[in-house]
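What follows is one structure encoded as C-alpha cells, with my remarks underneath.
In my numbering, the protein residues as written are 3 to 83.
Structure representation (C-alpha cells):
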C-alpha cells in the first residue's frame, strides 16, 4: 500500500460541509474526496505528472489487431478465429 502522510487542515465550516455532501454524492470518504479534488487541481495546473495518477487506473492499449476486449478487430481475423 502507498505510504500516506497526515496533516491538520483548517477549513471553513461551510466548505467542509460542501465537501462532505460532495463525498456522499460520489460514494467517497471525506478524506478520499479531498484527495481527489486536490489531485485533479494539481493535474490541471500542470503541477503533477499525469502518469502519477493513483486515483485513476491507466488504460492499457490492446495488442495490435485486437479490440479493447482482446477480440480480433478485423473481419478476416474473426472468420479465421
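Note that the Cβ used here is the ideal one computed from N, Cα and C, for glycine as well.
- Task: Go ahead and pull the three-state DSSP assignment for residue 35.
- Result: helix
- What are the start and end residues of the alpha helix (DSSP H) that includes residue 18? 15-27
- Under the rule that 16 or more other beta-carbon atoms within 10 Å means buried, what is residue 35, buried or exposed? buried
- Task: Would you tell me roughly how many angstroms separate the C-alpha atoms of residue 83 and residue 73, rounded to the nearest one?
- Result: Its pLDDT being 49, under 50, residue 83 is placed unreliably in this model, and the value from its coordinates should be taken loosely. Going from the Cα of residue 83 to the Cα of residue 73 covers about 9 Å.
- Task: Let me know the secondary structure DSSP gives residue 40 once reduced to three states.
- Result: helix
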